[in-house]
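Peer 1: Under my numbering, the first residue of the sequence shown carries the number 2, and numbering increases by one thereafter.
Backbone N, C-alpha and C fix where the C-beta goes; we use that ideal spot for every residue, glycine too.
Take this structure first; my questions come after.
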Amino acid sequence: MTVFEMIKERAIETLKMEAAAVENLIPRVDDDFVAAVQSILNCQGRVVVSGMGKSGHVGRKIAATLASTGTPAFFMHPAEAYHGDLGMITENDIVIAISNSGESSEIVNILPIIRRIGAQIIAMCGRKTSSLGRNSDHFINIGVEREACSLGLAPTSSTTATLAMGDAIAMALMDERKFTSQDYALFHPGGALGRKLLLTVGDVMHSGEDNPIVKIGATAKDALFEMTAKGLGAVSVVDEMSA
2 MTVFEMIKER AIETLKMEAA AVENLIPRVD DDFVAAVQSI LNCQGRVVVS
52 GMGKSGHVGR KIAATLASTG TPAFFMHPAE AYHGDLGMIT ENDIVIAISN
102 SGESSEIVNI LPIIRRIGAQ IIAMCGRKTS SLGRNSDHFI NIGVEREACS
152 LGLAPTSSTT ATLAMGDAIA MALMDERKFT SQDYALFHPG GALGRKLLLT
202 VGDVMHSGED NPIVKIGATA KDALFEMTAK GLGAVSVVDE MSA
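So this is what it looks like as structure tokens:
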């Protein structure tokens with residue numbers, strides 16, 4: 002087998018394994034999943050997403066997706082939380098704690114404090130019998146049979162599954178909230194959709210004292226001075242009635 006064939010085969014195998022990991026999540030959209038989503042819908046505070054390492058990177062994306070689709074959310078680093086950032090959490094919040102093993106010490110260490118604060122805990126992990134699974138209000142199973150990594154070590158299939166399940170939560174919430182394209186644009190004013198739906202002529206036009214104007218009898222010199230003074234590369238030439 003040539004190097005080209007080996008690279009291609011390994012890449013295809015990785016994609017197939019990760020696709021299978023996502024497909025295996027479908028039966029896990031169960032009563033506890035629905036209950037977790039309903040808890041978020043009824044939440045009077047915010048969703049706080051936390052995870053360590055690769056789970057943390059995925060958690061940041063999940064928090065960003067939730068926030069941009071109508072669910073107030075932010076990411077809290079679990080190690081920083083143990084040194085003061087737990088003050089970000091209130092009793093009205095829900096914490097989504099992510100750990101594939103359910104035993105990440107940084108996550109496990111802050112669970113008792115979250116309980117004391119009074120926030121609910123949604124566990125996204127691979128084992129319900131883990132420390133995280135046992136100490137959660139709702140358990141969402143994101144476990145995989147094996148990683149796509151040939152060593153079985155690098156988080157690959159597990160992070161893909163976690164990301165996909167996070168999207169499933171966000172999309173279910175978005176539909177229940179009746180989140181519209183106008184709502185989406187409101188949270189994305191800098192994007193193409195935001196400009197298309199929100200930007201009006203009034204937002205960009207120059208009017209009143211900001212609009213460079215000369216009368217029809219003005220000289221070219223007058224027009225040049227006027228457009229320069231107003232910081233624009235054009236000038237409106239008007240007649241007496243328009244003025």
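Buried or exposed for methionine 242, please, with buried defined as at least 16 other CB atoms from any protein chain shown within 10 angstroms of its CB.
Peer 2: Here methionine 242 scores only 48 on pLDDT, less than 50, and its place in the model is too uncertain to base an answer on.
Peer 1: The beta strand (DSSP E) with serine 100 in it runs from where to where?
Peer 2: Counting along the chain, the beta strand (DSSP E) containing serine 100 begins and ends at 95 to 100.
Peer 1: Distance, Cα to Cα, glycine 46 vs arginine 147?
Peer 2: Their backbone Cα atoms lie some 36 Å apart in a straight line.
Peer 1: Distance check for valine 4 and threonine 66, CA to CA, integer angstroms please.
Peer 2: Those two C-alpha atoms are separated by around 39 Å.
Peer 1: With respect to 8 Å, is the separation between the Cβ of threonine 3 and the closest non-hydrogen atom of the ligand ZN below this value?
Peer 2: Here there are no bound small molecules, and the ligand ZN is not part of this structure.
Peer 1: Residues in the same chain with beta-carbon distance under 7 Å from threonine 161, minus the five sequence neighbours each way, listed in chain order, please.
Peer 2: Correct list, in chain order: Glu19, Ala22, Val23.
Peer 1: For valine 30, which of Gln121, Thr181, His139 has the nearest alpha-carbon?
Peer 2: Of the listed residues, the one whose Cα sits closest to valine 30 is His139.
Peer 1: Since alanine 124 sits in a beta bridge, which residues does DSSP pair it with?
Peer 2: In the DSSP output, where bridge partners are listed per residue, alanine 124 has Ala98, Phe140.
Peer 1: Where are the beta strand (DSSP E) runs, 3 residues long or more, that stay fully inside the stretch 33 to 116, in chain order?
Peer 2: Runs of the beta strand (DSSP E) inside the stretch 33 to 116: 48 to 52, 74 to 76, 95 to 100.
Peer 1: Once the 5 residues before and after alanine 124 are set aside, which same chain residues still bring their CB inside 6 Å of it?
Peer 2: Here the set comprises Ala98, Leu133, Gly134, Ser137, Phe140.
Peer 1: Less than 8 Å between the CB atoms is what I'm expecting for isoleucine 41 and valine 50, so what's the real figure, rounded?
Peer 2: That pair is no contact at about 11 Å.
Peer 1: In the DSSP assignment, find the unbroken alpha helix (DSSP H) run with serine 182 in it and report its ends.
Peer 2: 182 to 188 is the extent of the alpha helix (DSSP H) around serine 182.
Peer 1: Taking only the alpha-carbon atoms, compute the straight-line gap between valine 48 and aspartate 184 and give it to the nearest angstrom.
Peer 2: Taking the straight line joining both Cα atoms gives about 19 Å.
Peer 1: Quick check for students: name the residue ranges of the alpha helix (DSSP H) that lie wholly in the stretch 150 to 179, counting only runs of 4 or more.
Peer 2: With a minimum length of 4 residues, the continuous alpha helix (DSSP H) runs that stay inside the stretch 150 to 179 are 158 to 177.
Peer 1: Could you give the distance in angstroms between the alpha-carbon of glutamate 107 and the alpha-carbon of alanine 80?
Peer 2: Each residue's Cα considered, the two are about 6 Å apart.
Peer 1: Could you give the first and the last residue of the continuous beta strand (DSSP E) run that contains isoleucine 27?
Peer 2: Careful: isoleucine 27 lies outside any beta strand (DSSP E) and carries neither H nor E.
Peer 1: What are the start and end residues of the alpha helix (DSSP H) that includes serine 237?
Peer 2: Per DSSP, serine 237 belongs to no alpha helix (DSSP H); it is in the beta strand (DSSP E), 237 to 239.
Peer 1: What residue range does the beta strand (DSSP E) around lysine 222 cover?
Peer 2: First-last for lysine 222: 221 to 230, but that is the alpha helix (DSSP H), not the beta strand (DSSP E).
Peer 1: Can you tell me whether methionine 2 is buried or exposed, with buried defined as 16 or more other CB within 10 angstroms of its CB?
Peer 2: Exposed is the call here.
Peer 1: Going by beta-carbon coordinates alone, are serine 131 and glycine 103 separated by less than 9 Å?
Peer 2: Cβ atoms of serine 131 and glycine 103: closer than 9 Å.
Peer 1: Please report the straight-line C-alpha distance between threonine 255 and glycine 60, rounded to a whole angstrom.
Peer 2: The chain is shown from 2 up to 244; residue 255 falls before or after that span and cannot be answered.
Peer 1: Nearest to glycine 218 by alpha carbon, out of Phe75, Val238, Ala165, Glu227?
Peer 2: Comparing Cα-Cα distances from glycine 218 to each of Phe75, Val238, Ala165, Glu227, the minimum goes to Val238.
Peer 1: Which whole-angstrom value describes the C-beta separation of isoleucine 111 and alanine 82, a residue pair presumed to lie in contact below a C-beta threshold of 8 Å?
Peer 2: Confirmed, about 5 Å.
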